[in-house]
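Everything on this sheet refers to the single structure shown next.
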Amino acid sequence: MRWMRVARVLTNETCNQGCGFCSARRPVERPDFVRPAAVLARIDEALAKGTREVVLTGGEPTMRRDLAALVRHARARGAERVVLETNASLVTESLARALADAGLSVARVHVPAFGPEADGITRDEGGFSAALAGARALAAAGIPLEITTPIVRNNLDLVAAIPGGVRAANLPVLRLVASMPVDAPDPATLAPLEGAARALERLDQAAREAGIPLSLDPGAAIPPCSFERPARLAHLYALNPGGANRPGHERVPACGACVVADRCPGVPRALLARETTSAFRPLMEDRIRRKLTVISSVREQIDRELVTRDVHRAPDGRLVPSHIVRIQFQCNQACDFCFVSTHLPAPEDEVVRRAILEIAHAGGVLQVSGGEPTLNGRLREYVALAKREGAIAVELQTNAVRLADPGRARELEEAGLDVAFVSLHGSRAEISDVITRAPGTFEKTARGLDALAQTKIRVRLNFVFCEPNQADFPDFVRLVAARWPAAEINVSVVGAFTDLVPRTESLIPRYTDLLPAMREGLMIARATGIPVLGFESMCGIPLCLAPVDPRGFFDLAEIPNGHDGGEFVRAEACGRCELSARCFGLRRSYAELHGTSEARAVVRGAEIG
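Mapping the sequence shown onto our numbering, position 542 (from 1) lands on 984, and the numbers just tick up by one.
In structure tokens form, the structure reads like this:
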């Protein structure tokens, strides 16, 4: 996915609803502004400037009779995506079909509350019921849905019910998008910052529980320092260095010491007119800075992380193409060693499908990953698509928290899933939940593994060695042998190869320090018949240090030139090692932290120190 310029095009300025915080609504239309030729000219002007996504907005665009024609015109003139912002209360089945036939990409439905309480906010009696019917019509016509929710004074206690309402209503919503108006014809409708921040925290938690991705409108007025736990909400933001200059914003004293001052625009002046500067406090943790950051734009970051093109090195020397496709970036856990930008919104469906078809048509292995891919409602469809189109195997990389329901595991089995690669980083909650920063998820993952064990899906547990769990590996192997004896164990070692992962000894242990527990765990695995894999992978360990017979590595295919992306370095001993062409060496960040003296050369039948 490349960066896509977006333009918002007003189709009209009146609305059938009366939200007191809306600053876009006029009492009557301006004839010269609303006439079809004028709207078409605005669309053409936007596309002439390189726009590839046209957002049709208002007022309420569905009050126009020619809305489908506007969508069709934008498509015909080169728009790759056409998005409709609507309250959906006027959408009929025939209009929904016409919009779908015209090429509408997404409908963003305005939902300030889920239920009749919304009518008091929109001042439209019966409006919520009509909007729900309209949203259903759009979905039935095959138009993807997003929900947009403004956080205002009258819905602070209502927004957290929206994700659960969406799920209960079986609406196929791709994501929720929250915003916070700061200007309004009726200022009394605007939310105070503290109330809005607490409401957004509750909404985020509810969205996680419902498995619906939540995003924050890029123009939202809530600075990340407003939250009680900023790291928990960092995934809502997409800041980048140099992004500090935004019209209508100001710095407050707290900005002077903040670690994101070079990428956060500060506070909207309209908000400061109602708030004291004591509401803001500097962010001081580098971990939060990393989680708030993207390289340039959200779309470019998604493009960068969507697909990792890998190869599977079979024991017989074959190279099999193997692509990791991230169908979801957000996650219901928050491991410090995660290198994925979990603050990104989910990639678009059509882009995910193209990535899946690429590896499927190549006859390779698809690794469906995230974030946490089970949070994406289209997971089953993606697995089935890959198998139908030629993938020789489909692997799911997951924490299995949402697979505790046996029905979900069976659905994936029926779709053709071959392998569940499940992250579990400790033998008990006291260790695992600390690492994942998600208390209570250890037991949920265990129940998810129980459900997978009842299927034909091959289960492989991924144990990432890090400083907090390195001594726990023997007990971890015992747990697997006792509870999931048909499973395999994959060994990984934490590595800091993006700016998201802290390069500290408190997270990244020395290889020689973790080897005793690794050796003990391997002895238990051999005694109980549990296969242990992964030493040769990019996330494994230098092959000269792997506590297994090195003869098993000599038949591995050689690593293609450039495959490591420059992330690994060689020690002096690597120049004399017969496994050097099959071993990645030491990760560059590891060498910077611990050096390269642990490496040694290996030759067939002997070792050279």
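Positions of the beta carbon are idealized from the N, C-alpha and C atoms, including for glycine.
Would you mind working out which of the options sits nearest residue i, comparing C-alpha positions?
| i | options | result |
| --- | --- | --- |
| D917 | T718, R952, S874 and P683 | S874 |
| N774 | A663, E651, A828 and D728 | E651 |
| H552 | L618, R879 and F722 | L618 |
| R1012 | G1027, R468 and N1003 | G1027 |
| R961 | L985, F1010, G653 and F915 | F915 |
| F722 | R467, R741, S948 and I664 | I664 |
| E1014 | V807, T1038 and A696 | T1038 |
| G501 | T456, E471 and P469 | T456 |
| A581 | A572, E535 and D561 | E535 |
| P1055 | R729, G462 and L452 | The structure shown does not extend to residue 1055, since the chain spans only 443 to 1051, so no value can be given for it. |
| R644 | L600, P634, V608 and P623 | L600 |
| A573 | I589, H754, G607 and A530 | A530 |
| N682 | L616, S783 and Y824 | S783 |
| L632 | S465, A703 and T493 | S465 |
| V481 | A449, G460 and P469 | A449 |
| A583 | G685, R741 and A542 | A542 |
| R494 | R517, F475, D474 and A511 | R517 |
| A603 | A638, A649 and P984 | A649 |
When DSSP labels each residue in this structure, what does residue i get in the three-state scheme?
| i | result |
| --- | --- |
| V1044 | strand |
| S874 | helix |
| E1049 | Low confidence applies to E1049: its pLDDT is 48, below 50, so where it sits in the model is not reliable, and the reading given next is rough at best. In the structure shown, E1049 sits in a strand (DSSP, three-state: E or B). |
| V935 | strand |
| T528 | strand |
| E978 | coil |
| A518 | helix |
| V754 | Correcting the residue type first, residue 754 is His in the shown sequence and not Val. Note: H754 maps to strand in three-state DSSP. |
| F918 | helix |
| R716 | coil |
| V513 | helix |
| F884 | helix |
| S869 | coil |
| T453 | coil |
| P848 | helix |
| R732 | helix |
| R1012 | coil |
Quick check: the Cα distance between residue i and residue j, rounded to an integer number of angstroms?
| i | j | result |
| --- | --- | --- |
| G937 | E487 | 48 Å |
| P910 | V594 | 42 Å |
| R539 | F781 | 42 Å |
| L658 | E717 | 21 Å |
| P760 | P707 | The displayed chain sequence assigns Arg, not Pro, to residue 760. Taking the straight line joining both Cα atoms gives about 51 Å. |
| N932 | A626 | 55 Å |
| E792 | V548 | 12 Å |
| A862 | M726 | 38 Å |
| P1024 | G890 | Checking the sequence shown, residue 1024 turns out to be Arg, not Pro. Rounded to the nearest angstrom, the two C-alpha atoms are 35 Å apart. |
| C700 | R519 | 45 Å |
| R705 | P666 | 11 Å |
| E399 | P634 | As shown, the chain starts at 443 and ends at 1051. That puts residue 399 outside it, with no answer to give. |
| R452 | F771 | A quick correction: the sequence has Leu, not Arg, at residue 452. Going from the Cα of L452 to the Cα of F771 covers about 31 Å. |
| L1057 | S811 | In this structure the chain extends from 443 to 1051, so residue 1057 is not present and cannot be described. |
| P848 | L838 | 16 Å |
| E790 | R1046 | 49 Å |
| N458 | D566 | 8 Å |
| H754 | V807 | 8 Å |
| E747 | S720 | 38 Å |
| A676 | S865 | 22 Å |
| S575 | R467 | Sequence inspection shows Ala at residue 575; the Ser mentioned does not correspond to that position. Their backbone Cα atoms lie some 23 Å apart in a straight line. |
| R952 | V694 | 43 Å |
| S621 | R640 | 13 Å |
| A1043 | E978 | 16 Å |
| E742 | G994 | 41 Å |
For the putative contact between residue i and residue j, defined by C-beta atoms under 8 Å, what is the C-beta separation to the nearest angstrom?
| i | j | result |
| --- | --- | --- |
| L537 | T499 | Going by Cβ atoms, the distance from L537 to T499 rounds to 17 Å, so no, they are not a contact pair. |
| G832 | A802 | 5 Å |
| H867 | V906 | 5 Å |
| L587 | P554 | Not a contact, Cβ separation roughly 16 Å. |
| C981 | S934 | 4 Å |
| M763 | A804 | The question names Met, yet the displayed sequence has Pro at residue 763. P763 to A804, Cβ: 5 Å. Contact. |
| P623 | P592 | 6 Å |
| D752 | I766 | 6 Å |
| V513 | A544 | 4 Å |
| L854 | R822 | 6 Å |
Can you find a C-beta in chain C that's less than 8 Å from the C-beta of residue i?
| i | result |
| --- | --- |
| Q647 | No chain C appears in the structure shown, which is made up of a single protein chain. |
(request) Could you tell me which uninterrupted beta strand (DSSP E) segments, each at least 3 residues in length, are contained entirely in the region 461-506, listed from first to last along the chain? (result) 495-499
(message) For a minimum of 3 consecutive residues, which ranges assigned as the beta strand (DSSP E) are wholly contained in the region 552-620?
(response) 587-592
(request) Please list the segments of the alpha helix (DSSP H) lying wholly inside the region 638-703, counting only runs of 4 or more residues, in order along the chain. (result) 672-675
(request) Any chance you could list the alpha helix (DSSP H) runs of at least 4 consecutive residues sitting entirely within the region 948-1010, in chain order? (result) 953-970
(request) Let me know the beta strand (DSSP E) ranges lying completely inside the region 804-845, each 3 residues or longer, listed in chain order. (result) Counting only runs of 3 or more, we get 807-811 and 835-840.
(request) Can you check the region 758-806 for any alpha helix (DSSP H) of at least 4 residues that lies completely inside it and give the ranges in chain order? (result) 791-803
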